[in-house]
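With mature numbering (1 follows the signal peptide of the UniProt record, and there is no 0) applied, the sequence shown corresponds to residues -21 to -1, 1 to 415, in that order. Comments concern the structure below.
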Amino acid sequence: MFKYYRLIATLFLLFTGPAFAQVTDFSSIPKSDSDKLLKNGQPADLGHSHFPLLKEYRDMHIFTINDSVFGAVPFRLFIPQTYDPSVATPLVLLLHGAVGASHFSDAMGQHRVTEADDDPFIGKLCKTGNIIIMPYGDETKKFSWVVNKWRPTENLTFKTLLNIINEVKRSVNINDDKVFAMGHSDGSDGAFALDVYNPTPFAGFLCYNSMLTNLAANDIYLRNATNKPLYAVHSNKDDIRPIEQARVIIKLLDSLKTNVKYKEYYGYQHFDKHLDLDYPNALKFIDSTRRTPYPKAIFWETSSHLFSNCNWLVINNLDIALNAAPWHKAYNIGSYYKNTKTWKSYPYYSINPSAAIKGTYNNNTFEIYTSRVTAFEVLISPQMVDINKEVKIILNGKTAFAGKVKADGNFFKKQFAKTHDRKAVWVAAVPVRVVN
């Protein structure tokens, strides 16, 4: 089966070969006029953005972005021939498997099949009319979405993955409410990590044969997955990522009221035909799932400042020495040992002590509860509240803020520059200090 996928990948590479003649710095690509439109700091101006035609960059091309941590990070960008720059197009961030065998230098090798080429979905996704981004992993540079090479600190890989998406949004008309992360094997682990680390820009996540964790990570907080839809698939003969472990994790996610759709295939191994069989379901998930940019309810848990925000809630400071609130609980499971086919009490997730925040809003009133959080801020959008009326923030049962919030053009421009998100628009922030 592995040889079959490699053959398909080779043929796909050969047919798209001319596009790999060079690797281009993405900063040289024409940009939209969004940044120019923002001089007046008016969110409504974003609706008049014009994007370049990019005719010479249709089909598959390899680009790099210059990252402050990893240097020149290569990624594939597929823009379909049918792309219309006046129409916002869905985007799929496809993370390849076998990250340990991948290197940035693979992007420079013409007509040489790499781990990225072996991905079971790349060829199919390029026929959907969607935009596809596929970065190259490189564990030698600590750019890995399957292993935290930065332990004991946070994995900086995921911030860079978002930076790639943000850069592409400057040139390509992306539907901000139809952005997905997807992968098989190591790639699925990366997609799941984005679900619990950085869900804000995504509509949903698709994980095939995933461990539903990151190796060497100590900050996988499962309840964060409740913020976005998850589609997960496993096969019962997977001898690399045993289905027994996946079942228990899915059961726990389900108990936390995660919006998870889970499907099992019987008689198939880790890299097998079930990937082809289920692909139509992946397309249905992508077609039917849409991001809610201003969700009415949020839960967020973290132990770091790198993964500190979800949608309109931002944790600015935390103190893990404080007592946790009664509703703030740690969730974990035992570990399944595939060699002996037995369960051990050893926890599957290594979890640092954390802080958490949860909130809802309705009729200009935010109700927030915190645990070990000492400072946070609420991002404000005219789509959420009437800024001509008083906004109230109730913190742990007491009023922490009551007053009008003025739209700040400079704040809006700074926020947009970070994400180039034209659907989730923030015009102000209300900072709140927590008295514990």
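Note that beta-carbon positions come from the ideal geometry of N, C-alpha and C, so glycine has one too. These figures come from a predicted structure and were not determined experimentally.
Beta bridge counterpart(s) of glycine 50 as assigned by DSSP: Beta bridge pairing from DSSP links glycine 50 with Asp46.
Sufficient close CB pairs (3 or more, under 8 angstroms) joining the segment 127 to 134 to the segment 151 to 158: The segment 127 to 134, when compared against the segment 151 to 158, does not touch it at the 8 angstroms Cβ threshold.
Pairwise C-alpha distance: leucine 25 and arginine 401: Straight-line Cα distance between these residues: approximately 6 angstroms.
8 angstroms Cβ cutoff met for isoleucine 330 and asparagine 197: Yes. Within cutoff.
Buried versus exposed call for lysine 323 [16 or more other C-beta atoms within 10 Å across all chains shown]: Answer is exposed; the Cβ neighbour count stays below 16.
Identified DSSP bridge partners for methionine 161: As a beta-bridge residue in DSSP terms, methionine 161 pairs with Leu73 and Leu185.
Strand pairing of lysine 323, partner residues [DSSP]: Ser314.
Serine 350 beta carbon less than 8 angstroms from that of isoleucine 299: No.
With 16 other Cβ atoms within 10 Å as the buried cut-off, status of valine 414: The residue in question, valine 414, is exposed, as its Cβ has fewer than 16 Cβ neighbours within 10 Å.
Anticipated Cβ contact below 8 angstroms, leucine 74 with glycine 169, distance rounded: Confirmed, Cβ separation roughly 4 angstroms.
Assigned secondary structure, asparagine 375 (DSSP; H/G/I helix, E/B strand, else coil): Judged by DSSP in its simplified three-state form, asparagine 375 adopts coil rather than helix or strand.
Cut-off 6 angstroms between Cβ atoms - residues of its own chain near alanine 225, not counting five sequence neighbours on either side: Excluding five sequence positions before and after alanine 225, the CB atoms of its chain that fall closer than 6 angstroms to its own CB belong to His213, given in chain order.
Neighbourhood of tyrosine 316 by C-beta, 7 angstroms cutoff - its chain only, sequence neighbours within 5 removed: Setting aside the 5 residues that flank it on each side, tyrosine 316 is surrounded in the same chain by Lys323, each with a C-beta closer than 7 angstroms to its C-beta; the list follows chain order.
Helix, strand or coil at tyrosine 247 according to DSSP, with G and I counted as helix: Tyrosine 247: coil per DSSP, three-state reduction.
Nearest to leucine 201 (by Cα), restricted to the options Ile312, Ser28 and Gly376: The alpha carbon of leucine 201 has as its nearest neighbour, out of Ile312, Ser28 and Gly376, the alpha carbon of Ile312.
Identity of the residue in Asn389, Ser189 and Tyr273 nearest glutamate 243 by Cα: Of Asn389, Ser189 and Tyr273, the residue nearest in Cα terms is Ser189.
Distance between beta carbons of histidine 40 and leucine 56, contact taken as under 8 angstroms: About 6 angstroms separates the two Cβ atoms, so the contact holds.
Inter-residue CB distance, proline 99 and leucine 254 (contact presumed, cutoff 8 angstroms): Their Cβ separation, rounded to whole angstroms, is 5 angstroms, which keeps proline 99 and leucine 254 in contact under 8 angstroms.
Per DSSP, cross-strand counterpart(s) of tryptophan 279: DSSP, once it has assigned bridges, lists Ile336 as partnering tryptophan 279.
CB-CB length for phenylalanine 30 against serine 167, believed under 8 angstroms: 31 angstroms between Cβ atoms; not a contact.
Aspartate 165 beta carbon less than 8 angstroms from that of valine 52: No.
Sub-8 angstroms separation of residue 416 and alanine 86 beta-carbons: As shown, the chain starts at -21 and ends at 415. That puts residue 416 outside it, with no answer to give.
Residue burial classification, histidine 399 (beta-carbon count within 10 angstroms, cutoff 16): Under the 10 Å beta carbon count, histidine 399 is surrounded by 16 or more other beta carbons and is classified as buried.
Through-space distance from valine 364 to histidine 90, alpha-carbon basis: Low confidence applies here, because histidine 90 scores a pLDDT of 46, under 50, leaving its location unreliable and the question unanswered by this model.
Endpoints, the alpha helix (DSSP H) within which asparagine 193 is located: Annotation: asparagine 193 is outside any alpha helix (DSSP H) and is labelled neither H nor E by DSSP.
DSSP three-state assignment for valine 384, whether helix, strand or coil: In this structure, valine 384 counts as coil in the three-state DSSP scheme.
Pairwise C-alpha distance: phenylalanine 5 and proline 69: In this structure, the alpha-carbon of proline 69 lies about 20 angstroms from that of phenylalanine 5.
Beta-carbon proximity of asparagine 389 to valine 370, cut-off 8 angstroms: No, these two residues do not count as a Cβ contact at 8 angstroms.
DSSP state of phenylalanine 391 mapped onto helix, strand, coil: Per DSSP, reduced to three states, the secondary structure at phenylalanine 391 is helical.
Short Cβ contact (8 angstroms threshold) for leucine 348 with tryptophan 306: The question names leucine, but residue 348 is tyrosine in the sequence shown. In this structure, tyrosine 348 sits near tryptophan 306, with a CB-CB distance shorter than 8 angstroms.
Option in Phe83, Leu374 and Val357 with minimal Cα separation from phenylalanine 42: Closest by alpha carbon: Phe83.
Collapsed DSSP secondary structure at leucine 297 in the structure displayed: In the displayed model, leucine 297 falls within a strand according to three-state DSSP.
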